[in-house]
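In this note's numbering, the protein residues as written are 2 to 113.
By construction, the Cβ of each residue, glycine as well, lies at the ideal position given by its N, Cα and C atoms.
These notes concern the structure reproduced below.
If you want it as structure tokens, here you go:
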């Protein structure tokens with residue numbers, strides 16, 4: 002996968018291989034592209050490399066995976082994905098919130 006590309010295809014052989022290695026039968030591939038609060042998002046549901054639901058809303062795919070929304074919340078917020086809306090917080094040396102999240106690998110932005 003070309004890390005310099007702005008149009009990375011996450012539904013790629015590498016993603017499918019990783020899902021198989023982890024043991025996922027059904028999984029979502031969620032894509033977002035935002036800058037300055039403007040952008041797009043979509044999700045697809047896969048089972049053994051086959052798209053069951055393709056290019057729809059994140060909440061629709063999460064519901065199909067079995068997420069039941071909590072009253073007053075959607076599926077996205079029910080499973081705490083709202084914590085990741087500000088991804089820039091997860092890649093700095095100071096205030097790196099990923100270190101406290103059990104389901105996130107914290108990255109680092111190298112200093113020049």
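List the endpoints of the continuous alpha helix (DSSP H) containing residue i.
| i | result |
| --- | --- |
| residue 12 | Premise fails: residue 12 is in no alpha helix (DSSP H) and is neither H nor E. |
| residue 59 | 59-65 |
| residue 75 | Per DSSP, residue 75 belongs to no alpha helix (DSSP H) and is neither H nor E. |
So the candidates are the options; which of them puts its Cα closest to the Cα of residue i?
| i | options | result |
| --- | --- | --- |
| residue 34 | 74, 44, 20 | 44 |
| residue 42 | 71, 61, 24, 50 | 61 |
| residue 65 | 14, 73, 55, 11 | 55 |
| residue 14 | 51, 72, 59 | 51 |
| residue 32 | 63, 82, 11 | 11 |
Using a Cβ-Cβ cutoff of less than 8 Å, which residues in the same chain neighbour residue i once the five nearest sequence positions on both sides are dropped?
| i | result |
| --- | --- |
| residue 57 | 43, 44, 45 |
| residue 121 | No answer is possible for residue 121: the residues shown for the chain start at 2 and end at 113. |
| residue 40 | 33, 34 |
Exposed or buried, which one is residue i when buried takes at least 16 other CB atoms within 10 Å?
| i | result |
| --- | --- |
| residue 23 | exposed |
| residue 53 | exposed |
| residue 19 | exposed |
If you drop the 5 nearest sequence neighbours on each side, which residues of the same chain put their C-beta closer than 7 Å to that of residue i?
| i | result |
| --- | --- |
| residue 48 | 26, 27 |
| residue 16 | 30 |
Over the uninterrupted beta strand (DSSP E) stretch that includes residue i, give me the two end residues.
| i | result |
| --- | --- |
| residue 41 | 39-48 |
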